[in-house]
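Chains as they are written, first to last, in our numbering: chain F, 1 to 109; chain D, 110 to 676. Notes for the one structure printed next.
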């Protein structure tokens with residue numbers, strides 16, 4: 001908690017002029033974009049792909065152990081569950097990334 | 110105690126609760142009024158967001174709509190939940206870091222332009238007003254049906270309640286009443302659903318009951334319903350009739366519209382930190398998903414019950430609820446072939462259909478159809494009111510802050526004092542309540558289309574410019590303004606053309622590429638993206654302080670509480 005990137009003041013705005021800090025921030029941003037890209041690919045797959053574009057062929061299959069046609073299940077149940085999971089996965093990934101790059105928020109007293 | 114007394118008791122008790130909370134959580138500063146002092150816990154904010162989001166339409170109409178649309182109803186289920194993923198990953202944390210009070214605030218500062226701010230204010234007010242009129246109407250209808258008062262009297266009562274806690278408490282009062290309203294509405298929704306699921310499938314969890322076995326026939330419930338549909342000449346329940354392309358575009362417009370609706374976005378300004386904003390979206394979606402995964406189950410239970418109870422039944426033997434709802438005009442039977450039996454058939458059947466059912470009945474009549482105790486009916490009424498009031502309050506706050514903060518403080522009267530601004534916020538909230546009430550009593554004849562309009566408008570205006578404002582430093586003022594204006598113009602023109610000017614042409618044969626007016630917001634959004642990025646490339650890059658601002662938005666550290674960044 002006591003360590004800060006050079007040029008920044010504890011609890012204040014990080015510097016955007018120090019090239020070292022800026023390079024760190026850019027790496028942080030690239031990692032964030034990669035996470036977002038992967039998670040949005042899953043988001044697209046469970047809703048638009050399985051729930052809409054491929055719903056018809058998937059309906060030929062039952063979700064194992066239930067009476068759900070698979071495409072219908074994705075469209076009316078499964079995609080929503082996956083959406084919830086995606087957000088919580090992102091929260092975990094980003095909390096870790098924030099700490100790794102020391103851009104996490106200091107505890108507010 | 111009869112149904113009427115139970116309903117009165119449930120509604121009165123819930124209203125007393127809301128008023129108590131409003132008195133306890135009065136706003137004393139503009140920061141309290143606009144963003145609840147930015148001190149709301151992520152979990153409480155998640156509940157408040159869920160109540161804010163789920164309107165009378167979600168509570169009363171959605172399950173019935175799905176019940177009649179079958180698979181096609183998926184557009185609402187995916188469309189109104191998937192937008193939260195976009196909010197969590199692309200919008201909420203960055204807007205929280207920026208720490209503005211309103212959406213036009215961000216647009217105006219990021220695009221260093223008063224014109225952009227004013228365009229955003231107009232969009233925000235228009236989107237919110239179209240939406241709020243429907244809520245006030247919903248309040249009136251619930252009062253009318255359950256307490257047998259005049260719809261207008263119902264609207265007056267609703268106005269008085271919202272007036273009390275929105276004007277007095279601002280966002281702070283709204284937030285904590287919304288938490289209570291969520292609890293009321295979800296309880297009221299789940300109780301009948303669990304009863305129904307037990308009755309039909311023997312499984313107390315409706316989400317599992319939907320995929321379970323129908324106890325009466327021993328077949329999988331969905332298979333049985335598909336079979337019934339085939340017999341009666343309806344399209345298979347699990348397949349639907351809309352074109353795949355249209356389903357795709359409508360879903361996208363609703364998702365992106367959700368993520369662009371100002372009353373949803375500002376909820377994430379109320380939490381203390383960036384990381385709270387992220388997780389708060391997650392909580393919100395859990396609370397929303399609870400209702401949204403139950404709705405399709407309720408839809409199937411209600412459909413199966415309805416067909417089972419009435420199809421080919423002699424009119425003299427129909428259950429009591431049938432005649433009760435017939436009296437309200439929401440259910441109508443016309444014995445075309447004069448055989449004294451109810452023929453409920455679809456377009457593919459040789460036998461003409463004799464039964465018309467208003468889709469709202471599916472949720473409202475559920476307790477009666479399933480033979481549930483009277484107090485459940487009272488609970489459903491209180492739940493419907495909670496859903497309508499909580500959404501109305503959130504929307505009214507957007508209108509009031511757009512006027513007092515964006516228009517007065519940031520545009521016309523920058524020298525206005527804190528006290529003056531707070532007073533202006535209260536007055537504009539009060540005026541907004543009155544206007545909303547007026548539209549509730551005299552609804553424009555096109556409320557349903559207007560809701561599609563609100564989503565299309567939010568999708569084609571705010572979403573692209575906010576995303577690009579965060580993710581592309583190079584996006585310029587000229588790009589954003591032209592992008593917003595062209596996206597909104599295309600969307601508005603398409604919707605107005607088909608729903609207001611030429612309703613007779615509003616069918617798949619005349620739509621452009623088979624895209625319905627509900628789905629056109631997606632095209633408007635793509636156009637906005639294309640124009641904003643292209644124009645940005647050919648216009649001078651944003652001033653350096655704006656580029657620094659974008660850098661700072663991307664890093665969580667140093668957020669502090671919501672405040673105005675002097676750009």
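For each residue, glycine too, the CB sits at the ideal point set by N, CA and C. Nothing here was measured: the structure is a model prediction, and the numbers come from that model.
Chain-order list of residues whose beta-carbon lies under 7 angstroms from that of residue i (same chain, five-residue window excluded)
| i | result |
| --- | --- |
| residue 101 of chain F | 24, 28 |
| residue 456 of chain D | 342 |
| residue 763 of chain D | This structure does not reach residue 763 of chain D, given that chain D is present from 110 up to 676, and the question cannot be answered. |
| residue 131 of chain D | 273, 274, 277, 278, 282, 286 |
| residue 2 of chain F | The pLDDT assigned to residue 2 of chain F is 37, lower than 50, so where the model puts this residue is not dependable, and the model offers no usable value. |
| residue 361 of chain D | 631 |
| residue 423 of chain D | 449, 450 |
| residue 505 of chain D | 241, 271, 275, 538, 541, 542, 545 |
| residue 350 of chain D | 181, 344 |
Contact list for residue i against chain D, beta-carbon separation under 7 angstroms
| i | result |
| --- | --- |
| residue 86 of chain F | 194 |
Local conformation of residue i per DSSP, three classes
| i | result |
| --- | --- |
| residue 582 of chain D | coil |
| residue 663 of chain D | coil |
| residue 465 of chain D | strand |
| residue 69 of chain F | strand |
| residue 423 of chain D | strand |
| residue 453 of chain D | coil |
| residue 62 of chain F | strand |
| residue 238 of chain D | helix |
| residue 101 of chain F | coil |
| residue 617 of chain D | coil |
| residue 440 of chain D | strand |
| residue 611 of chain D | coil |
| residue 647 of chain D | coil |
| residue 405 of chain D | helix |
| residue 139 of chain D | helix |
| residue 93 of chain F | helix |
| residue 212 of chain D | helix |
| residue 383 of chain D | helix |
| residue 447 of chain D | coil |
Residues near residue i in its chain [Cβ-Cβ closer than 8 angstroms; skip 5 each side]
| i | result |
| --- | --- |
| residue 578 of chain D | 215, 216, 219, 220, 584, 589, 659 |
| residue 56 of chain F | 71 |
| residue 144 of chain D | 210, 280, 375, 378, 379, 671 |
| residue 320 of chain D | 329, 330, 331 |
| residue 199 of chain D | 368, 576, 579, 580 |
Contact set between residue i and chain F, taken where Cβ atoms lie within less than 7 angstroms
| i | result |
| --- | --- |
| residue 666 of chain D | 14, 103, 104, 105 |
| residue 530 of chain D | Here the premise fails: no neighbours, minimum Cβ distance about 25 angstroms. |
| residue 632 of chain D | Here the premise fails: no neighbours, minimum Cβ distance about 16 angstroms. |
| residue 190 of chain D | 80, 83 |
| residue 330 of chain D | 67 |
| residue 246 of chain D | Chain F residues near residue 246 of chain D: none, gap ~28 angstroms exceeds 7 angstroms. |
Chain F residues whose Cβ lies nearer than 8 angstroms to that of residue i
| i | result |
| --- | --- |
| residue 326 of chain D | Going along chain F, no residue has its Cβ under 8 angstroms from residue 326 of chain D, so there is no contact; the nearest lies around 12 angstroms. |
| residue 223 of chain D | Those do not exist, as residue 223 of chain D stays about 25 angstroms from chain F at its closest Cβ, beyond 8 angstroms. |
Chain-order list of residues whose beta-carbon lies under 6 angstroms from that of residue i (same chain, five-residue window excluded)
| i | result |
| --- | --- |
| residue 471 of chain D | 172, 173, 176, 411 |
| residue 261 of chain D | 550 |
| residue 157 of chain D | 284, 287, 288 |
| residue 638 of chain D | 573 |
| residue 478 of chain D | 414, 430 |
| residue 340 of chain D | none |
| residue 105 of chain F | none |
Beta-carbon neighbours of residue i, restricted to chain D and to distances below 8 angstroms
| i | result |
| --- | --- |
| residue 75 of chain F | 180, 183, 186, 187 |
| residue 19 of chain F | None at all; the shortest Cβ gap to chain D is about 13 angstroms. |
Contact set between residue i and chain D, taken where Cβ atoms lie within less than 9 angstroms
| i | result |
| --- | --- |
| residue 70 of chain F | The contacting residues do not exist; residue 70 of chain F stays about 10 angstroms from chain D at best. |
Query - Any alpha helix (DSSP H) of 4 or more consecutive residues that is wholly inside the region 250–284 of chain D - result: 260–271
Query - Residues in the region 94–105 of chain F having any Cβ partner in chain D nearer than 9 angstroms - result: With the criterion set as a beta carbon lying under 9 angstroms from some beta carbon of chain D, the members of the region 94–105 of chain F are 94, 95, 98, 101, 102, 103, 104, 105, in sequence order.
Query - Contact residues within the region 34–60 of chain F, judged by C-beta distance below 7 angstroms to chain D - result: Taking 7 angstroms as the Cβ-Cβ cut-off against chain D, the residues of the region 34–60 of chain F that qualify are 36, 39, 40, 43, 47, 48, 51, 52, 53, 59.
**Report entry** Residues of the region 159–183 of chain D with Cβ closer than 7 angstroms to any Cβ of chain F, in chain order
**Finding:** 180, 183
**Report entry** Contact set between the region 379–402 of chain D and chain F, restricted to residues whose Cβ is under 8 angstroms from the partner
**Finding:** 381, 382, 383, 384, 387, 388, 390, 391, 394, 395, 398, 401, 402
Requested in this report: Tell me the start and end of each unbroken alpha helix (DSSP H) in the region 479–551 of chain D that is at least 4 residues and wholly inside, in chain order.
Outcome: 483–510, 527–550
**Report entry** Residues, ordered as in the chain, of the region 351–379 of chain D that lie near chain F by beta-carbon distance below 7 angstroms
**Finding:** 353, 356, 357, 360
Requested in this report: List in chain order: all unbroken alpha helix (DSSP H) runs of 4+ residues lying wholly within the region 311–365 of chain D.
Outcome: 315–318, 330–341
Query raised in the report: Which parts of the region 10–56 of chain F are runs of the alpha helix (DSSP H), unbroken and 4 residues or longer, counting only runs that do not cross its ends?
Result: 19–44
Query raised in the report: Mind listing which residues of the region 197–208 of chain D have their C-beta closer than 9 angstroms to chain F's C-betas, in chain order?
Result: Residues of the region 197–208 of chain D with a Cβ closer than 9 angstroms to any Cβ of chain F, in chain order: 197, 198, 199, 202.
Query raised in the report: Of the residues that make up the region 403–415 of chain D, which ones have a beta carbon closer than 8 angstroms to any beta carbon in chain F?
Result: If the cut-off is 8 angstroms between Cβ atoms, the region 403–415 of chain D has 405 near chain F.
Requested in this report: Can you give me, in chain order, the residues of the region 303–325 of chain D that have a beta carbon less than 9 angstroms from any beta carbon in chain F?
Outcome: 316, 317, 319, 320, 321, 322, 323
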